[in-house]
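Report on one structure; see the data block that follows.
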Amino acid sequence: MDNGASSYRRFRDNGDDSGLDDIIIEYSDGLILYLSSIVGNIYSAEELAEDTFVLLGTKKPLFKGKSSFRTWLYSIGRNLAIDWLRKCSRHKTVPIEETESLPDYENVIEEAYIQKEEKLAIHRAMRSLKSEYQQVLWLVYFEEMSNKEAAEIMRKSVRSVESLLYRARKSLRSQLEMEGFDNEKT
Amino acid sequence: MKRHEDMIKNVHSRIDEYKAEQKKKHKRIAFAAAPVCAAAVVCAGLWTAGAFENTPDKQAFKAPVSEPSAQAEITQATVQSVTSAKLTTVSANTTASAAQTAAVTTAENAGEVKTSATEPSAATVPEKSEENTDAPPTQQEEALTQPASAESSDNSSSSDACDRLGDAYINGEYYLQWFGGTFTPDQFIGNGSDFAGFYQDFCPNAEFYTAKESSDIVIVRFSSGGEVTLKKTVLPSSDD
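For the record, the sequence lines run as chains A and B. When you line the first sequence up against the numbering used here, it's residues 2 to 187, in that order. When you line the second sequence up against the numbering used here, it's residues -4 to 235, in that order.
Written out as structure tokens, the structure reads:
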């Protein structure tokens, strides 16, 4: 159940800070994992997720209700991630001491967010796929968004998303077969 | 790893920093804009009070003033003989001898003035003029009593205007009515309306001609047939 709209309304219109807190608690993990599929770095994804919530708190953009609150929030986060990628495309650096713990950190978030073990394995297999494949798979398969919502976030047509999703699943299947995973649903 | 609580704390602190920054920014803008606004108010007040109106000095066209010496002597000779209404100009062609007098003729139709001097000379005019005024009182009285042919003919509204002492600026040179000598018109150079001065206002249709005898002479002809002579005159400087 998407309660983000009401929480945001409480925060924006009534000045209730707890509304923003509820939003952070409900959406931060999923947003971080989604942004991680874009930027390829869990720490950067976490910073970008924080930037997304800060933007909500400072600029207070108007949520018009044309889509779900989550779709709207993920769109904002994606835009910030794209901007970040443009700025850091040539200067992508990760501290050496953090690189070794990178998979573990992401595993922690994964485990906290993705309850089902099957999905955990799939998500870990997704890390080796292209960014676009990761994004669309995450949004559709893990966030259980519709193709239309995924298209809205990724700023593509529904047809493009469907095509992308087909290729992503095919690629994921290959990856899983390589890893010896057997799941007919993918 | 940031827990949710840590993230919430970080987000709120960043929001507070942003709001503080905005307040400082607004204060800076207000401090910067205050003197500009004050200056604008002052300027508006001055403008409404008319402080910025540009009123250039209006210098009306001033006819050349013949003040000093030579010109004054010439005009003195003629002014004494000219009455306000009806007299035509009196030629003040005089010689050193006291006996010479200026002949004054007036036409009945217009204020044409024909001057003829018995002995044309450029001698000491002031003395002569004075003597002229004294010498033939009868002639002057006759001139005074005779009806004014003051119709300038060129200006029906001011019929005696063309009888008055006239002047004109021609090609940057100043010409004043002169009563010495007889000259023959040569080339037409324009109408009264073409030259600044007396004739532009009162006798715009008068015709200006050069003189065959002298380049310093301009002959003014009126439609009534009369004519006057203008002579190039050097105006004294204001420093004199």
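Even glycine gets a Cβ: it sits at the ideal position worked out from N, Cα and C.
Cβ of residue i within 7 Å of any chain A Cβ
{"i": "B:His(-1)", "result": "yes"}
{"i": "B:Ile10", "result": "yes"}
{"i": "B:Ile3", "result": "yes"}
{"i": "B:Ala15", "result": "no"}
Contact list for residue i against chain A, beta-carbon separation under 8 Å
{"i": "B:Val6", "result": "Leu21, Ile25, Glu51, Phe54, Val55 and Gly58"}
CB contact check: residue i to chain B, cutoff 7 Å
{"i": "A:Ser29", "result": "yes"}
{"i": "A:Ser8", "result": "no"}
{"i": "A:Glu185", "result": "Bear in mind that a pLDDT of 48 at A:Glu185, under 50, signals an unreliable position, so the number given afterwards is only what the model happens to contain. So no, A:Glu185 is outside the interface."}
{"i": "A:Gly5", "result": "no"}
{"i": "A:Glu180", "result": "no"}
{"i": "A:Asp14", "result": "no"}
Contact set between residue i and chain B, taken where Cβ atoms lie within less than 8 Å
{"i": "A:Asp18", "result": "His7"}
Beta-carbon gap between residue i and residue j smaller than 7 Å
{"i": "A:Ser38", "j": "A:Gln135", "result": "yes"}
{"i": "B:Ile214", "j": "B:Lys226", "result": "no"}
{"i": "A:Ala126", "j": "A:Val141", "result": "no"}
{"i": "B:Gly187", "j": "B:Tyr194", "result": "yes"}
{"i": "B:Asp181", "j": "B:Ala206", "result": "yes"}
{"i": "A:Leu138", "j": "A:Ala113", "result": "no"}
{"i": "B:Thr224", "j": "B:Phe178", "result": "yes"}
{"i": "B:His(-1)", "j": "A:Ile26", "result": "yes"}
{"i": "A:Glu153", "j": "A:Thr72", "result": "yes"}
{"i": "A:Gly58", "j": "B:Ile24", "result": "no"}
{"i": "A:Asp30", "j": "A:Ser8", "result": "no"}
{"i": "A:Leu36", "j": "A:Gly5", "result": "no"}
{"i": "A:Asp17", "j": "A:Arg10", "result": "no"}
{"i": "B:Arg216", "j": "B:Glu208", "result": "no"}
{"i": "A:Ala82", "j": "A:Val40", "result": "yes"}
{"i": "A:Tyr28", "j": "A:Leu74", "result": "yes"}
Residue of the options minimising C-alpha distance to residue i
{"i": "A:Glu111", "options": "A:Asp23, A:Ser147, A:Gln176 and A:Ile43", "result": "A:Ile43"}
{"i": "A:Arg128", "options": "A:Met146, A:Asn108, A:Lys117 and A:Gly181", "result": "A:Asn108"}
{"i": "B:Asp196", "options": "B:Phe174, B:Glu208, B:Phe183 and B:Tyr164", "result": "B:Tyr164"}
{"i": "A:Lys131", "options": "A:Ile115, A:Lys149 and A:Gln176", "result": "A:Gln176"}
{"i": "B:Tyr204", "options": "B:Tyr170, B:Pro231 and B:Gly175", "result": "B:Tyr170"}
{"i": "B:Trp173", "options": "B:Asp162, B:Ala27, B:Asn166 and B:Gly167", "result": "B:Asp162"}
{"i": "B:Phe190", "options": "B:His21, B:Asn166 and B:Phe183", "result": "B:Asn166"}
{"i": "A:Val162", "options": "A:Leu173, A:Asn148 and A:Ser172", "result": "A:Asn148"}
{"i": "A:Ile33", "options": "A:Tyr167, A:Phe143, A:Ser172 and A:Ile123", "result": "A:Phe143"}
{"i": "A:Ser69", "options": "A:Met146, A:Gly181 and A:Arg160", "result": "A:Met146"}
{"i": "B:Lys14", "options": "A:Gly20, A:Lys60, A:Glu47 and A:Lys88", "result": "A:Lys60"}
{"i": "A:Glu47", "options": "B:Phe47, B:His21, B:Gly220 and B:Met2", "result": "B:Met2"}
{"i": "B:Leu230", "options": "B:Gly175, B:Gly176, B:Glu168 and B:Cys38", "result": "B:Glu168"}
{"i": "A:Met155", "options": "A:Leu121, A:Ser76 and A:His124", "result": "A:Ser76"}
Cutoff 7 Å: residue i Cβ touching any chain D Cβ
{"i": "A:Ser68", "result": "Chain labels in this structure do not include chain D; the protein chains are A and B."}
Is there contact between the stretch 46 to 53 of chain A and the stretch 61 to 70 of chain A, where contact requires at least three CB pairs shorter than 8 Å?
-> Short answer: they don't touch.
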